[in-house]
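S.K.: Top line first, the protein sequences correspond to chains A and B. Adding 21 to a residue's 1-based position in the first sequence gives its number in our numbering. Adding 39 to a residue's 1-based position in the second sequence gives its number in our numbering.
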Amino acid sequence: MNPNLKRLRRTMMFLNCQKPGLIKDPYIYKPDSIMLDLEDAVAENQKDAARFSLYHALQEIDYHGVERVVRINGLDTPHWQEDVRVCVAGGCDSIRIPKVEHAKDVHIIEEAVRKAEDEFGREHGRILLMAALESTLGILNAYEICTSSELLFGCALSGGDYTKDLQTKITGTGVELNGARQLMIIAARAAKKQCFDTVFTNLDDMEGFIKETEMIKLMGFDGKSIVNPRQIAPTHKIFTPTEKEIDFAEKVVKEIDSKKAMGIGVFTVNGKMIDIAFYDGAKRTIDMAKAAGVYEGDL
Amino acid sequence: MINSVGRDIPDQVLKDTGMKVFQGSRARNAEEYVKAAPKVRAWIDPTESKMVADIHEALVKCGIKDGMTLGFHHHFRNGDKVVNMVMEEVHKMGIKDITICASSLGSAHNPILPMIEDGTVTGIQSSGVRGKIGDAISNGKLKGYAIMRSHGGRVRAIESGDVHIDISFIGAPTCDEYGNCRAVGGKSDCGVLSYAVVDAKYADKVVAITDTLVPYPNMPASISQIDVDYVVVVDEIGDPAKIATGAAKPTSDVRKIMMAEYCTQFVVNSPYFKEGFTYQTGVGGASLASTISLGEVMKERNIHMSVGIGGMASAMCKLLDEGWIGKLADTQDFDIDAINNIKTNPNHIEISGSEYANPMNKGSYVNRLDVVVLAALEVDTHFNCNVVVDSNGMITGAQGGHPDTAAGAKCTIVITPLLQGRIPCVKTDVTTVTTPGEDVDVIITEYGIAINPKRQDLIEAMKGVKLPFTTIEELRDLAYSMVGEPDPVEFGDRVVGIIEARDGTIIDVVRQFKPYEYKD
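(1) Give, in chain order, every residue of the stretch 478-490 of chain B whose Cβ lies closer than 7 angstroms to some Cβ of chain A.
(2) Candidates Val465/B, Leu458/B, Gly476/B and Lys89/B: which alpha carbon is nearest Ala446/B's?
(3) Is the Cβ of Asn249/A closer than 9 angstroms to any Cβ of chain B?
(4) 9 angstroms is my cut-off, CB to CB: does Lys311/A come that close to chain B?
(5) Figure out for me which residue from Thr261/A, Lys304/A and Ser170/A has the closest Cα to the Cα of Met22/A.
(6) At the 9 angstroms Cβ level, is Lys5/A part of the contact set with chain B, yes or no?
(7) Can you look up Gly476/B in the DSSP assignment and give me helix, strand or coil?
(8) Val535/B and Ile176/B look like a contact to me (Cβ under 8 angstroms); what is the Cβ gap, rounded to whole Å?
(9) Beta-carbon separation of Ala141/B and Ile163/B under 9 angstroms?
(10) Helix or strand or just coil, what does DSSP make of Gln495/B?
(11) Please confirm if Ile55/A has its CB atom under 9 angstroms from at least one CB of chain B.
(12) With H, G and I counted as helix, E and B as strand and the rest as coil, what does DSSP make of Ala141/B?
(13) Can you pull the chain A residues whose beta carbon is under 8 angstroms from the beta carbon of Val336/B, in chain order?
(14) With a Cβ-Cβ cutoff of 9 angstroms, do Ile7/B and Met132/B count as a contact?
(15) Examine chain A for any beta-carbon lying closer than 9 angstroms to the beta-carbon of Met501/B, and answer yes or no.
(16) At the 9 angstroms Cβ level, is Tyr316/A part of the contact set with chain B, yes or no?
(17) The stretch 266-294 of chain B: which residues have C-beta closer than 7 angstroms to a C-beta of chain A, in chain order?
(18) Any idea what DSSP makes of Gly162/B, helix, strand or coil?
(19) Alpha carbon to alpha carbon, what distance is there between Ala328/B and Lys51/A?
(20) Are the C-beta of Met521/B and some C-beta of chain A separated by less than 9 angstroms?
(21) Of the residues that make up the stretch 204-227 of chain A, which ones have a beta carbon closer than 7 angstroms to any beta carbon in chain B?
(22) Hey, would you say Leu79/A sits closer than 9 angstroms to Leu43/A, going by beta carbons?
(23) Could you tell me which whole beta strand (DSSP E) segments of length 3 or greater appear in the stretch 32-64 of chain A?
(24) Could you check the C-alpha separation between Glu122/A and Thr290/B for me, to the nearest Å?
(25) Listing by chain order, which chain B residues have their CB less than 8 angstroms from the CB of Ile49/A?
(26) Answer with buried or exposed for Pro254/B, where buried requires no fewer than 16 other C-beta atoms within 10 angstroms of its C-beta.
(27) Looking only at its chain, what residues have a beta carbon closer than 6 angstroms to the beta carbon of Asn425/B, apart from the 5 residues adjacent to it on each side?
(28) Give me, in chain order, the residues of the same chain whose beta-carbon lies closer than 8 angstroms to that of Leu53/B; leave out the 5 immediate sequence neighbours on both sides.
(29) What are the start and end residues of the alpha helix (DSSP H) that includes Asp419/B?
(30) Measure the CB-CB distance between Val479/B and Asp443/B and report whether it falls below 9 angstroms.
(31) Taking Cβ positions, are Gly181/A and Phe217/A nearer each other than 9 angstroms?
(32) Rounding to the nearest angstrom, what Cα-Cα distance links Ile538/B and Ala437/B in this structure?
(33) I think Leu514/B touches Val465/B, with their Cβ atoms under 8 angstroms apart; what is that distance to the nearest whole Å?
(34) Hey, out of Arg116/B, Pro85/B, Gly110/B and Thr108/B, whose CA is closest to Gly439/B's CA?
(35) Return helix, strand or coil for Arg89/A, following the three-state DSSP convention.
(36) Hey, Lys89/B and Gly218/B: beta-carbon distance below 9 angstroms or not?
Right under this line is the structure:
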């Protein structure tokens with residue numbers, strides 16, 4: 022299994038491949054992933070130039086471990102085949118497929134990637150996929166999409182297009198996205214995949230951004246799409262366990278490990294009743310703390 | 040002769056100027072000297088008027104003649120009209136061989152260019168020369184050497200007699216008929232007249248030029264009547280829109296915010312961040328952002344700054360108004376908030392250029408600095424900084440208070456992006472040394488932070504602090520790995536400018552500009 026399937030993806034920062042200055046060193050802001058965009062941000066007559074910059078960036082630049090996701094153009098465009106070839110030739114980590122509505126959309130890209138890997142002599146299965154759900158149909162088919170491929174690590178909501186399809190707009194209250202968010206997180210978890218929330222574009226409303234990010238964290242999302250480096254630190258803060266949570270999780274894991282050996286199933290930690298059902302959650306907290314670089318314990 | 044920062048100063052320059060080479064920041068400490076003094080024309084007769092009709096009459100009464108040195112201040116920044124109006128009159132009178140000794144010159148003074156070409160102006164001494172004058176000097180159009188001095192260095196040069204100003208023209212936002220000048224209350228307010236104080240005290244003749252004549256006495260005066268010979272009223276001494284803009288909006292450039300955040304984290308984790316600390320910062324985007332974020336930490340931890348020193352802008356004034364700073368010792372105002380603040384807050388106080396930064400008086404304010412946050416065009420692996428000559432070899436910046444504050448502060452932090460476009464800002468050797476590395480402690484870039492190895496105490500203090508520490512060599516290597524190592528800038532042979540260290544010795548020279556030639 023590709024170890025990157027489950028990597029930490031709290032932030033995925035969109036960067037326009039048409040602008041070399043943006044893609045030359047985004048790792049200094051320390052996002053978990055960058056989303057190198059060939060799609061909407063790139064002017065129709067600049068697709069080729071953007072692919073050229075992308076290829077050289079992927080080949081030349083050391084992104085210091087930041088995941089390099091490329092958003093290719095949709096299956097309804099004349100660009101996606103060439104986009105996939107550049108992704109494979111350049112050696113990106115993952116491909117975000119836009120406007121996915123059916124499992125077969127993922128299959129088409131999966132097949133194109135495989136062909137390109139053969140063409141460029143690359144190993145199969147190294148490049149992962151993610152599906153952007155941008156329509157009501159895509160949301161309703163979320164489970165089918167999430168289970169479509171072993172190389173697919175998760176799905177992401179694209180709020181702008183989705184609300185257009187829903188015949189409403191982004192209101193700032195989140196009410197228009199409630200259904201989609203609930204459906205897709207349930208589908209993603211049922212398929213054991215990751216799930217990412219849509220962008221928040223009003224950079225002047227940092228308070229609104231933080232509120233929304235706190236909410237989607239509580240809903241179960243793994244991370245959020247980011248449009249500006251300023252959104253990275255607050256998102257990481259929200260997705261990083263607090264010292265108290267880490268401390269509790271550590272105790273839970275250690276106690277369950279030792280009590281299991283003694284044949285005890287239920288006990289208390291900090292006055293709270295604990296059993297084996299807490300184990301995975303506590304482990305996840307520790308993993309998250311480790312990935313965020315704040316865990317200093319011995320687990 | 041090689042100086043202590045490794046720069047070869049041509050013997051001819053030493054011979055021509057009688058100057059010595061730089062031997063280290065503190066080489067002249069404790070040296071004793073006798074101050075220079077101006078020639079004073081006594082003013083016993085109380086019926087005599089100081090008012091003259093125009094600049095022409097002032098020049099005549101001051102005895103203008105070929106070869107004189109004229110003094111100017113730069114408090115009107117790019118809105119200054121005084122230098123041009125005086126020089127136009129000098130030019131009209133056919134006077135030649137003038138040396139302009141200004142606290143700074145900028146692109147507002149582009150009209151001086153033809154006067155350099157026709158020999159009206161043959162000497163320029165300034166903290167910096169931006170715009171066309173910089174180009175002209177770099178291209179060898181000035182007959183003599185241009186001398187670039189820091190703000191403290193200019194005061195030192197005048198007080199010690201290295202340069203003698205024959206006539207100084209002091210643009211005064213308000214002035215009364217007996218010569219009391221203030222920087223507030225007029226049409227072209229600039230807040231303070233700090234850099235003009237030394238001119239008033241040491242020039243033989245002092246002319247106050249104002250566009251707002253006010254009733255006597257104009258008090259409290261920045262420049263006193265006892266030092267002023269003549270008063271001229273003109274229509275406009277400056278363009279208020281260019282003297283001070285509205286408070287600069289905090290930068291939204293994430294790269295600058297990131298460097299500012301690193302800077303703040305460095306400062307608060309340093310031994311200097313404690314109740315009563317002293318601080319100075321510039322007005323660049325990253326500097327302003329670091330003042331704002333430092334202010335937030337001061338509030339969180341209930342730590343007060345006893346004094347903020349130097350050029351002022353809104354961020355520092357706000358902290359003063361809120362009670363987080365005890366005093367502002369102000370030498371220049373960069374925005375309207377700062378100008379308004381000095382009018383309204385009694386703890387916001389004007390100090391003279393000598394008080395600020397003169398290394399050869401009995402102790403200036405910069406000596407009391409804990410932390411200064413600066414910028415630079417280039418820094419090198421010896422921590423030397425260049426703030427005057429751009430990476431193409433053209434004179435384009437100003438020392439300002441950079442070498443002064445760096446020498447005075449216990450902790451000197453320089454913030455610079457690693458690259459400007461394709462040009463590395465961290466290099467093996469800077470094009471021109473303007474502040475010696477011995478006075479620079481920390482370089483902060485968006486890629487990492489390097490502490491000067493001579494500051495083992497700071498390296499020790501930062502152990503366990505979560506900041507991206509690295510070495511200066513690693514920063515340089517990183518920069519070169521991204522954009523390649525640039526060829527050294529090629530210069531012509533002729534020395535066109537002297538970079539004077541604040542103690543009056545030569546730290547580097549600038550040679551004539553030579554366009555880059557591509558190898559086939």
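Don't be surprised by glycine CBs; every beta carbon is placed ideally from N, CA and C.
M.R.: Let me spell this out:
(1) Listed by position, the residues of the stretch 478-490 of chain B near chain A (Cβ gap below 7 angstroms) are Glu485 and Tyr486.
(2) Taking the first residue of the second sequence as 1, we reach residue 446/B at position 407. Among Val465/B, Leu458/B, Gly476/B and Lys89/B, the Cα nearest to that of Ala446/B belongs to Gly476/B.
(3) Position 228 of the first sequence, counted from the first residue, corresponds to residue 249/A. Yes, Asn249/A counts as interfacial toward chain B.
(4) Residue mapping note: residue 311/A aligns to position 290 of the first sequence, counting from 1. Residue-level contact check: Lys311/A does not touch chain B, since none of the beta carbons of chain B fall below 9 angstroms from its beta carbon.
(5) Here residue 22/A is taken as the residue at index 1 of the first sequence, counted from 1. Ranking the options by Cα distance to Met22/A, first place goes to Ser170/A.
(6) Nothing can be reported for residue 5/A: it is not among the residues displayed for chain A, which extend from 22 to 320.
(7) As a first step, residue 476/B is located in the second sequence; it is residue number 437 there, counting from the start. Here Gly476/B carries a helix assignment [DSSP, helix/strand/coil].
(8) For the purposes of this step, residue 535/B is taken as the residue at position 496 of the second sequence. For the purposes of this step, residue 176/B is taken as the residue at position 137 of the second sequence. Contact between Val535/B and Ile176/B holds: their C-beta atoms lie close to 5 angstroms from each other, under 8 angstroms.
(9) The residue you call residue 141/B lines up with position 102 of the second sequence. The residue you call residue 163/B lines up with position 124 of the second sequence. In contact: Ala141/B and Ile163/B (Cβ atoms closer than 9 angstroms).
(10) For this step, residue 495/B is matched to residue 456 along the second sequence. Residue state, collapsed to three classes: helix.
(11) The count along the first sequence starts at 1 and reaches residue 55/A at position 34. By this cut-off, Ile55/A is not an interface position.
(12) Along the second sequence, read from residue 1 onward, the residue named residue 141/B stands at position 102. In the three-state DSSP reduction, Ala141/B falls in the strand class (E or B).
(13) Counted from its first residue, the second sequence places residue 336/B at position 297. What Val336/B touches in chain A: nothing, since even the nearest Cβ is about 16 angstroms away.
(14) With chain B covering only 40 through 559, there is no way to say anything about residue 7/B.
(15) Sequence index remark: in the second sequence, residue 501/B carries index 462 (1-based). It does not; no Cβ of chain A falls within 9 angstroms.
(16) As a working mapping, residue 316/A is identified with position 295 in the first sequence. Between Tyr316/A and chain B, the shortest Cβ-Cβ separation is not below 9 angstroms.
(17) Cβ contacts with chain A: Val293.
(18) For the purposes of this step, residue 162/B is taken as residue 123 along the second sequence, with counting starting at 1. Here Gly162/B sits in strand by DSSP.
(19) Here residue 51/A is taken as the residue at index 30 of the first sequence, counted from 1. Here residue 328/B is taken as the residue at index 289 of the second sequence, counted from 1. Cα to Cα, Lys51/A sits roughly 20 angstroms from Ala328/B.
(20) Residue numbering aside, residue 521/B sits at position 482 when the second sequence is read from its first letter. Yes, its Cβ sits closer than 9 angstroms to a Cβ of chain A.
(21) Here the close residues number zero.
(22) Here residue 79/A is taken as the residue at index 58 of the first sequence, counted from 1. Here residue 43/A is taken as the residue at index 22 of the first sequence, counted from 1. The criterion of a C-beta distance shorter than 9 angstroms is not satisfied by Leu79/A and Leu43/A.
(23) Uninterrupted beta strand (DSSP E) stretches at least 3 residues long and entirely within the stretch 32-64 of chain A occur at 32-37 and 54-58, given in chain order.
(24) Taking the first residue of the first sequence as 1, we reach residue 122/A at position 101. Taking the first residue of the second sequence as 1, we reach residue 290/B at position 251. One Cα belongs to Glu122/A, the other to Thr290/B, and the distance between them is close to 41 angstroms.
(25) Numbered from 1 along the first sequence, position 28 holds the residue referred to as residue 49/A. For Ile49/A, the residues of chain B that pass the 8 angstroms Cβ criterion are Arg294, Met297, Glu485 and Tyr486, in the order they occur in the chain.
(26) If you number the second sequence from 1, residue 254/B lands on position 215. With fewer than 16 other Cβ atoms within 10 Å, it is exposed.
(27) By 1-based counting over the second sequence, the position of residue 425/B is 386. Excluding residues within five positions, the ones whose Cβ falls inside 6 angstroms are Leu416, Glu417, Val469, Thr470, Thr471 and Thr473.
(28) Translated into positions along the second sequence, residue 53/B becomes position 14. In chain order, Met40, Lys59, Val60 and Ile545 place their CB closer than 8 angstroms to the CB of Leu53/B, counting only its own chain and leaving out the 5 sequence neighbours on each side.
(29) Translated into positions along the second sequence, residue 419/B becomes position 380. Counting along the chain, Asp419/B falls outside any alpha helix (DSSP H), though it belongs to the beta strand (DSSP E) covering Glu417 to Asp419.
(30) Working through the second sequence from its first residue, we reach residue 479/B at position 440. Working through the second sequence from its first residue, we reach residue 443/B at position 404. In this structure, the beta-carbon distance from Val479/B to Asp443/B does not fall below 9 angstroms.
(31) Residue 181/A sits at position 160 when you count from the first residue of the first sequence. Residue 217/A sits at position 196 when you count from the first residue of the first sequence. Their beta carbons are not under 9 angstroms apart, which means Gly181/A does not touch Phe217/A by this criterion.
(32) Looking up residue 538/B in the second sequence gives position 499. Looking up residue 437/B in the second sequence gives position 398. Their Cα atoms are separated by approximately 10 angstroms.
(33) By 1-based counting over the second sequence, the position of residue 514/B is 475. By 1-based counting over the second sequence, the position of residue 465/B is 426. The beta carbons of Leu514/B and Val465/B sit about 5 angstroms from each other, so the pair counts as a contact at 8 angstroms.
(34) In the second sequence, counting from the first residue as 1, residue 439/B sits at position 400. Of the candidates Arg116/B, Pro85/B, Gly110/B and Thr108/B, the one whose C-alpha sits nearest the C-alpha of Gly439/B is Arg116/B.
(35) Sequence index remark: in the first sequence, residue 89/A carries index 68 (1-based). Arg89/A falls in the strand class under three-state DSSP.
(36) Here residue 89/B refers to the residue found at position 50 of the second sequence. Here residue 218/B refers to the residue found at position 179 of the second sequence. Yes, the pair counts as a contact, with Cβ atoms nearer than the cut-off.
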